[in-house]
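*Asks:* Reminder that position 46 of the sequence shown reads as 68 in the working numbering, one-by-one numbering, no gaps.
Here it is, the structure, as C-alpha cells.
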Amino acid sequence: VGFCFGTMAELVCSTPGSGFISIRVSVLFGICGSICVYFGRKVKKIFQIDDAFDIFAQHGIEGFTGCIFTGIFAQKSIPELDLVSIRGGWLDGYWMQVIYQLAFASAGFVWSFVVTLIILLVMNNIPGLSLRTALKDEIEGINYDQFNEYTHDYIELQRDLNPTLYSKQSPANRLVIEKRTDLMHVTQQQNDTRLGKLKPISVITNAW
Numbered sequence: 023v024g025f026c027f028g029t030m031a032e033l034v035c036s037t038p039g040s041g042f043i044s045i046r047v048s049v050l051f052g053i054c055g056s057i058c059v060y061f062g063r064k065v066k067k068i069f070q071i072d073d074a075f076d077i078f079a080q081h082g083i084e085g086f087t088g089c090i091f092t093g094i095f096a097q098k099s100i101p102e103l104d105l106v107s108i109r110g111g112w113l114d115g116y117w118m119q120v121i122y123q124l125a126f127a128s129a130g131f132v133w134s135f136v137v138t139l140i141i142l143l144v145m146n147n148i149p150g151l152s153l154r155t156a157l158k159d160e161i162e163g164i165n166y167d168q169f170n171e172y173t174h175d176y177i178e179l180q181r182d183l184n185p186t187l188y189s190k191q192s193p194a195n196r197l198v199i200e201k202r203t204d205l206m207h208v209t210q211q212q213n214d215t216r217l218g219k220l221k222p223i224s225v226i227t228n229a230w
C-alpha cells in the first residue's frame, strides 16, 4: 500500500510540470511528493477526517506542491524541443513564475473547496444521498448495508479473533465490542437455562 501511495504521489506531483521539467527533476518531484503525502495523511488522523482514500493528501496537497515546484524547476530547454519558447522557472532566472504558480494553485484550491462544499451540502439534503450512514450501518459494514455483502471476509474474522484491535480508536468500534460482549452474556445465560431444564438420563436408559 505504501508503494502505491508513493507511486501515485510522484504521478500527481509531476503532472503540473509535465512538458516543462527533465526526467532527473521529476525524480526530485517524486521524492518530495512522497514526503508531503506522508505528512499529509497525518493531518487526517489529527483532525479525525473521514477520508478513506486520502484524496486530500494525494491530490490536494500533491497538486499544490507540484504547482509550486513547477514554478521553481521549469526549464526553458524542455519546451524548446517542440519549438515552444517560455521564460522558465526560478532556477532559469524567472522567479516571478513561482508567484504565478502560487496564485494559480491557491485559486484552484479555493475554487475546488467552495464548489465541492456546495455540492455536498445539496447532496446531503436530498433523500437517499446523505453523506453519512447510521452508526448501526457503520458497525455492520457499509458494504453489507448498501449491497448486502462483505467485500473482505477477513474483516469479520479479524474482529472475532482479536476484537481489542478494533476498540482503541473509533467509538463505533468500541460499541462493536460492547454489543458482542452483551451478546455473549445473553447466549451464555440462554445455554445455562436450557441445560437446567434437561432431565438426567441414566446409563441403563441410555443403553436401551
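We put the CB at the ideal spot given by N, CA and C, even for glycine.
If you're wondering where the values come from, they're calculated on a predicted model, not measured in any experiment.
Identify whether Tyr116 lies in helix, strand or coil by the three-state DSSP scheme.
*Replies:* As a first step, residue 116 must be located in the sequence shown, where it is residue number 94. Note: Tyr116 maps to coil in three-state DSSP.
*Asks:* Assuming Cys89 and Gln119 make a contact with CB atoms under 8 Å, what is their CB distance in whole Å?
*Replies:* The count along the sequence shown starts at 1 and reaches residue 89 at position 67. The count along the sequence shown starts at 1 and reaches residue 119 at position 97. At roughly 11 Å, the Cβ-Cβ gap does not stay under 8 Å, so Cys89 and Gln119 are not in contact.
*Asks:* If you scan the segment 36-123 from start to end, which runs of the beta strand (DSSP E) of 3 or more residues do you find wholly inside it?
*Replies:* The qualifying runs do not exist here; there are none.
*Asks:* Within a Cβ cutoff of 6 Å, which residues of the same chain sit near Lys66, ignoring the five residues on either side of it in sequence?
*Replies:* Locating residue 66 in the sequence shown gives position 44, counting from the first residue. Excluding sequence neighbours, Lys66 sits near Asp73.
*Asks:* When burial is assigned at 16 or more other CB atoms within 10 Å of the CB, is Gln70 buried or exposed?
*Replies:* On the sequence shown, residue 70 is found 48 positions in, with the first residue counted as 1. Counting Cβ neighbours within 10 Å, Gln70 comes out exposed, since fewer than 16 surround it.
*Asks:* Roughly how many angstroms lie between the CA atoms of Gly28 and Cys58, to the nearest whole one?
*Replies:* For this step, residue 28 is matched to residue 6 along the sequence shown. For this step, residue 58 is matched to residue 36 along the sequence shown. For Gly28 and Cys58, the distance between alpha carbons rounds to 10 Å.
*Asks:* Check Gly150 in the structure and name its three-state DSSP category.
*Replies:* Reading the sequence shown from its first residue, position 128 is the one you call residue 150. Of the three classes helix, strand and coil, the one that applies to Gly150 here is coil, per DSSP.
*Asks:* Taking 7 Å as the limit between beta carbons, can you name the residues of its chain near Trp112, skipping five residues before and five after?
*Replies:* In the sequence shown, the residue the question calls residue 112 occupies position 90. The residues are Gly93, Ile94, Gln119, Val120.
*Asks:* Across the segment 95-107 and the segment 34-44, are there enough close Cβ pairs to call them in contact, namely three or more that are closer than 8 Å?
*Replies:* At 8 Å Cβ cutoff, the stretches touch.
*Asks:* Evaluate Ile100 with the Cβ neighbour count: other Cβ atoms within 10 Å of its Cβ, from every protein chain shown; 16 or more gives buried, anything less gives exposed.
*Replies:* The residue given as residue 100 occupies position 78 in the sequence shown. When all chains shown are included, Ile100 counts as buried.
*Asks:* Which same chain residues end up closer than 7 Å to His81 when comparing Cβ atoms and leaving out the 5 residues on each side of it in sequence?
*Replies:* On the sequence shown, residue 81 is found 59 positions in, with the first residue counted as 1. Cβ within range, chain order: Val34.
*Asks:* For Cys26, I'd like the list of residues in its chain whose CB is within less than 6 Å of its CB, leaving aside the five on either flank, ordered along the chain.
*Replies:* Here residue 26 refers to the residue found at position 4 when the sequence shown is read from its first residue. Taken in chain order, the list of residues that qualify is empty.
*Asks:* Would you grab the beta carbon distance between Glu32 and Phe51 for me? Rounded to a whole angstrom, and I think it's under 8 Å.
*Replies:* Residue 32 sits at position 10 when you count from the first residue of the sequence shown. Residue 51 sits at position 29 when you count from the first residue of the sequence shown. About 7 Å separates the two Cβ atoms, so the contact holds.
*Asks:* To the nearest angstrom, report how far apart Ala79 and Arg63 are at their CA atoms.
*Replies:* Your numbering for residue 79 matches position 57 in the sequence shown. Your numbering for residue 63 matches position 41 in the sequence shown. Near 6 Å, if we compare the C-alpha coordinates of Arg63 and Ala79.
*Asks:* Leaving out five residues before and five after Ser48 in sequence, what residues of the same chain have Cβ atoms less than 8 Å from its Cβ?
*Replies:* Translated into positions along the sequence shown, residue 48 becomes position 26. Cβ within range, chain order: Glu32, Ser36, Gly39.
*Asks:* Where does Ala31 fall in DSSP's three states?
*Replies:* Translated into the one-based positions of the sequence shown, residue 31 becomes position 9. Helix, per DSSP.
*Asks:* Considering Cα atoms alone, identify which of Ala127, Ser128, Leu153 is closest to Leu139.
*Replies:* Here residue 139 is taken as the residue at index 117 of the sequence shown, counted from 1. With distances taken between Cα atoms, Leu139 lies closest to Leu153.
*Asks:* In chain order, what residues of the same chain lie with their CB nearer than 8 Å to the CB of Asp114, ignoring the 5 residues before and after it?
*Replies:* Indexing the sequence shown from 1 puts residue 114 at position 92. Closer than 8 Å at Cβ, skipping near neighbours: Ala96, Gln97, Lys98.
*Asks:* Quick one: using the 10 Å Cβ neighbour count with 16 as the cut-off for buried, is Ala125 buried or exposed?
*Replies:* The count along the sequence shown starts at 1 and reaches residue 125 at position 103. Exposed, by the Cβ-count rule.
*Asks:* Using a threshold of 9 Å, state whether the C-beta atoms of Gly130 and Gly85 are closer than that.
*Replies:* Within the sequence shown, the letter at position 108 stands for residue 130. Within the sequence shown, the letter at position 63 stands for residue 85. In this structure, Gly85 lies closer than 9 Å to Gly130 by Cβ.
*Asks:* For Ala156, count neighbouring Cβ atoms within 10 angstroms of its own Cβ and tell me buried if that reaches 16, exposed if not.
*Replies:* For the purposes of this step, residue 156 is taken as the residue at position 134 of the sequence shown. With fewer than 16 other Cβ atoms within 10 Å, it is exposed.
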